[in-house]
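So the structure is just underneath, and the comments pick up after that.
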Amino acid sequence: MITRRTALAAGLAAPFIARSTANAQSVGRNETLLLVQEYGPNSLDMQGIGSSQPVNGVALNCYDRLLRFKPVPIPSGGGNTIAMTEIEGELAESWQVASDGMSCTFKLRNATFHSGRPVTARDVKWSLDRAVSIGGFATTQMNAGSLEKAEQFVALDDKTFRVDFIRKDKLTMPNLAVTIPFVFDSELAIANSGGDPWAKEWLKNNVAGSGAFKVESWKPGVETIYTRHDAWTSGKLPTLRRVIARDIASPSTRRALIERGDADISYGLPPKDFKDLLDAGKINVVGVPIPNGVWGLYLNTATGPFTDVRLRQAAAWAMPYEKMLQASLFGRGIDMSGGPATPKVAWPQPYPYKTDVAKAKALVDAAAPGGLSTTLLFDAGNATVAEPMAVLIKEAMAGIGINIEISKVPGANFRGEISKKTNPMVLNRFAGWLDYPDYYLFWTMHGNNSIFNIASYQNPALDKLVDEARFTSDKAVYERSVVDFVSLVSREVPMIPLAQPTHDVAMQKNIGGYQFQPCREPDFRYLTKA
Amino acid sequence: MLRLIGARLLTTIPSIIGVIIVTFLLTRVLPGDTAAYFAGPTASPKAIAEIRSKLGLDQPLPQQFASYVAALVKGDLGQSLTTGQPVTRDIAARLPASAELTLCGLLLAMSVALPLGVLAAVRQGSWIDHLCRIIATAGVSLPVFFTGLLLVFVFYFILGWSPAPLGRLDVFLSEPPRVTGFLLIDTLLAGDFPAFRAAIAQLILPAVTLGIFSLAPITRMTRASMLAVLGADFVRTARASGLSSGKVIGVYAFRNAMLPVVTTLGMVFSFLLGANVLVEKVFAWPGIGSYAVEALIASDYAPIQGFVLTMAVMYVMLNLLIDLLYGFIDPRVRLEG
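Top to bottom, those sequences are chains A and B.
Taking our numbering, I'd label the letters of the first sequence as residues 1 to 530.
Taking our numbering, I'd label the letters of the second sequence as residues 1001 to 1337.
This is how it looks when you write it as structure tokens:
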């Protein structure tokens, strides 16, 4: 029976019901990807100060760069990874390094911003100027590839752009393909800047790019929804039309969601869950050994007991490498013990040490006959892996007369602690975006004493070798320097490499096209859903 | 009445000022370097110093406090570094989510705990009294994250009755226009019934988790206070006068037993609102508790201060409300201004 009241109610409700079903139908579930991750972006501008790790994903998917890393198959299968020397054009249609090797000229392809405006060389210039001038992480990262001054970037005409090199640096070209030097719609940004030359506040909350995806809605700490930029020409148009990235703090919930089939792809589960999912076989787990990434035990060479190299070597002989790999990483990593006496041209690589308590004990007896007590520090944010590692280290070191007190500190505090450089032992994982041995050592053991040189290691001989490797263009010189500095630090052991972790991603069987990126954020442009 | 409320509010001003000073100092005393944390990987000391001066953390404490209070007067709680948004906007977005969940959990708990407590008191020593004891003990001794995960495991993972624990609404539904921030109300206002059903479905498990946890204090308090009242002279008199047992318990005894129960309810509500962090984590609920904890881990001062201040204000309001309720329940209790 239709009364006036029900008819009225139905009439009032109809547009809303129609709207919610229409929304769900316009982009079908098979074109929508549901990603679950621990936490999402705190900004939409990766160049901005204080941007968190997931902001890299926004930069990757919503903005284009001049260059990008070419997909290279993962040796163990499951998708693609990248190689530092394999680079292709993104906004650049072609590029030419000058004959003197001191500049590179890029020809831009016809691409349009989300606003519909064509991408011009002026936009590229504004964006790269911004990256080297804005300060904080973006500027540091640009400097790592010898991109230091705005004068290095020249817009020749609408479609031609030149980068002048201040020195020959093999990192310059790969550094143009990481997530920092991306290109903004400069006119749109300036129009909304409210007087700030770099439009920091506006770009933090708005995307003005030409990338394959736009941000449809962003609720910090809850979810980010991306929709495809249908006019994207800088690559093959993605098959996904919509991506929903939900922030789910609890790893158990993330695991339940992927196992039940409600989520398509999950990032950042504990290694044990990845192992279980892999063993169960219902879910695809793709693991890539993190390039240029390794868990290390840093022994302070400037102060405390480990200034004595014999004690550092004793620690390297005492580490329970295999046990740590199994009990803390659940086999999701590569053992870093028992390497050859002459190192290879690679990083990370196993040092020649392996678990040998007798050798370790002998060194301790010689250096500190009465044994000693010290502390071991790690970041509470890494506790899932670092805690069992620390306990195993404590147990092993007790066996050679070194008593350890474990101290676990929250993230904000951890940064403060390691910048003091007074802690005798610190357990940490460091991974560099640019996969070169000299780049890693430049950050972690070089005399410039960056915050990640946790061991406070200072050795002019090492600095000379690292600098030589960084700037030489002679392959033979490069390889000799790498072999020399790796054998130097394996003798001196300011840092004991423990294990190279794998970067794991769990996804449903119908998800294909996985692409690993150095920033370790999901690349939606290649993903497919069957 | 209004004068009484006004006078009552005046007395809360010193405690609010105290809260402002203490949270400001406490967040500064906390170990941890915000600037170093937000400078991110590969930050140089120069980059860290730049961030520190941008955040104003290089200024002396009194000056930082002065600018904090000046902003506070204008209703500006500062900027969160973890979400990159103004704290006022974050709290306004997240408080309704927490309040909706807590209220539903509390209502669920009350609907079980009050009858159970009353029955346990009336039939003291019977099986229902023992049941009441068992439920209360179990409820309070099971940690919420455990109950939450257990419920997710059984009702979502194994049975598949419950929707995916993905927050307040299914990902494929769009949120109704925001009026109150309470999804159950907003979906109805918008006439969006599928979304209303979805919102309820999402709410059930976390609300039950919270409900189980808050059962214990309410049941025990109802039982104890009912027992005291049932032993009182006026109940004996009422019985002797031949009033029916239902009328004696339901009207005379229950109403008098409500006073301590209402106090407990107020306490439980304000406690739950801030303390349901673990439930929020398990169910990906975008609430205020997990917001504060994440800020704490990152030494992000502004959200912590904003959170504590909001909680303090809510606590004051809640206490005032309870005091007013007393007057209605028991006319002998009058607010003294």
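Each residue gets a CB set at the ideal place from its N, CA and C atoms; glycine is no exception.
Given the structure is predicted, the values throughout are model-derived calculations rather than measurements.
Write down the C-beta distance between V36(A) and L257(A) rounded to the nearest angstrom, noting that I regard them as a contact closer than 8 Å.
Correct: roughly 6 Å between the Cβ atoms.
Quick check: what's the CA-CA separation for A1071(B) versus Q1064(B)?
11 Å
Below 8 Å CB to CB, which residues in the same chain sit around L44(A) once its five sequence neighbours on both sides are set aside?
V55, V58, C62, L203, K204, N205, N206, V207, V215 and W218
If you compare alpha carbons, which of I265(A), R29(A), V483(A) and A302(A) is closest to G339(A)?
V483(A)
Nearest to L462(A) by alpha carbon, out of H446(A), I451(A) and A455(A)?
H446(A)
Taking C-beta pairs closer than 8 Å, name the residues in chain A that A1284(B) reaches, listed in chain order.
R246, D247, I248, A249, S250 and T253
DSSP three-state label for A22(A), please.
Low per-residue confidence applies at A22(A): pLDDT is 38, beneath 50, and the placement is therefore not dependable, though the value from the model is reported in the following sentence. A22(A) falls in the helix class under three-state DSSP.
Taking the DSSP output, what are the residues bridged to T528(A)?
G512(A)
Taking contact to mean 3 or more Cβ pairs, one atom from each stretch, closer than 8 Å, check whether the segment 1259-1270 of chain B and the segment 1098-1109 of chain B are in contact.
yes
What are the complete beta strand (DSSP E) segments, minimum 3 residues, inside the segment 1043-1117 of chain B?
none
Candidates P460(A), E417(A), P348(A) and A249(A), of which the one nearest L454(A) by Cα
First, the residue type needs correcting, since residue 454(A) is Ile and not Leu in the sequence shown. Checked all of P460(A), E417(A), P348(A) and A249(A); the closest Cα to I454(A) is E417(A).
Which bits of chain A does T1082(B) rub up against, with CB to CB less than 7 Å?
Per Cβ cutoff of 7 Å: N42.
Between T1023(B) and I1304(B), which are expected to be in contact by the criterion C-beta below 8 Å, what is the C-beta distance as a whole number of angstroms?
Between I1304(B) and T1023(B) the Cβ distance is about 7 Å, and since that is below 8 Å, they are a contact.
From this set, E31(A), E468(A), R162(A) and L278(A), which residue's C-alpha is nearest W95(A)'s C-alpha?
R162(A)
Under a Cβ-count criterion, where at least 16 other Cβ atoms within 10 Å of its own Cβ denotes burial, should K1281(B) be classed as buried or exposed?
buried
Inside the segment 344-392 of chain A only - alpha helix (DSSP H) runs reaching at least 4 residues:
357-367
Since G1051(B) meets chain A, which of its residues come closer than 7 Å, beta carbon to beta carbon?
First, the residue type needs correcting, since residue 1051(B) is Ile and not Gly in the sequence shown. In chain order: I49, G50 and G136.
What is the residue span of the beta strand (DSSP E) that M495(A) lies within?
It spans M495 to M507 - the beta strand (DSSP E) in which M495(A) sits, taken as one unbroken run.
Rounded distance between the beta-carbons of A1199(B) and T1187(B), thought under 8 Å:
That belief holds up - the Cβ atoms of T1187(B) and A1199(B) are roughly 6 Å apart, short of 8 Å.
Check whether the segment 278-291 of chain A touches the segment 495-504 of chain A, taking contact to mean three or more Cβ pairs, one atom from each stretch, closer than 8 Å.
With a cut-off of 8 Å on Cβ pairs, the segment 278-291 of chain A is in contact with the segment 495-504 of chain A, counting three or more such pairs.
K1281(B) touches chain A at which residues, Cβ-Cβ below 7 Å?
A249 and S250
Euclidean distance between Cα positions of Y226(A) and F213(A)
6 Å
Cβ-based contacts, 7 Å cut-off: residues of the segment 205-228 of chain A near chain B
Along the segment 205-228 of chain A, going in chain order, the ones with a CB nearer than 7 Å to a CB of chain B are P220, G221 and V222.
Minimum C-alpha distance to C1104(B) - residue among A1047(B), I1185(B), Y1315(B) and F1193(B)
I1185(B)
Is the Cβ of G194(A) closer than 8 Å to any Cβ of chain B?
The C-beta of G194(A) comes no closer than 8 Å to any C-beta of chain B.
Hey, is L434(A)'s beta-carbon within less than 8 Å of any beta-carbon in chain B?
Interface flag for L434(A) against chain B is unset, since no Cβ pair is found closer than 8 Å.
Start and end of the alpha helix (DSSP H) containing T301(A)?
Element bounds for T301(A): n/a, residue is neither H nor E.
8 Å Cβ cutoff, G401(A) in contact with chain B:
no
So, using beta-carbon positions, are I265(A) and L60(A) closer together than 8 Å?
A distance of 8 Å or more separates the beta carbons of I265(A) and L60(A).
Considering only residues of the segment 204-261 of chain A, which uninterrupted alpha helix (DSSP H) runs meet the minimum length of 4 residues and lie entirely inside it, listed in chain order?
251-260
So is A1298(B) in contact with chain A if we call contact Cβ pairs under 8 Å?
yes
Chain A contact for P1062(B) (CB, 8 Å cutoff):
no
Could you work out which residues of chain A lie near Y1156(B), taking near to mean beta carbons separated by less than 8 Å?
A256 and R260
Just reading off the alpha helix (DSSP H) that T1209(B) is part of, what are its end residues?
F1193 to L1230
What does the alpha-carbon distance come out to for the pair S1098(B) and L1273(B)?
If I take the Cα positions, the gap works out to 6 Å.
Show which residues of chain A have a CB atom less than 8 Å away from the CB atom of F1328(B).
For F1328(B), there are no C-beta contacts with chain A under 8 Å, since the nearest C-beta of that chain is about 35 Å from it.
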